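Below: the structure, in structure tokens.
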Amino acid sequence: MDGTTLIFYAVVCGCLSVVAPKFPGFSVRLGVGAAVGILAASVLPYIQNIMNGY
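Structure representation (structure tokens):
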């Protein structure tokens, strides 16, 4: 795992941990976590391409 990936997922998980306690119930938190994980995994390659362009 490179540094960009580690920092990106640390930021995503940190933001999610701030918001997650406000969601009611385990299944809602699990669903939101899965959705955020899928979104983050799909966006990361684009961010890396942008960073490599500079």
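Residue numbers for the sequence shown follow our numbering, beginning at 51 and rising by one. Using N, Cα and C, we set each Cβ at its ideal position, and we do this for glycine too. Bear in mind that the values here come from a model prediction, so they are computed numbers and not experimental data.
Nearest neighbour of A90, chosen from V62, A70 and N102 [CA to CA]:
Nearest option by C-alpha distance: V62.
Below 6 Å CB to CB, which residues in the same chain sit around I97 once its five sequence neighbours on both sides are set aside?
none
If we ignore side chains and look at the alpha-carbon of each, how far apart do A84 and L56 end up?
18 Å
Straight-line Cα distance separating S67 from V86
11 Å
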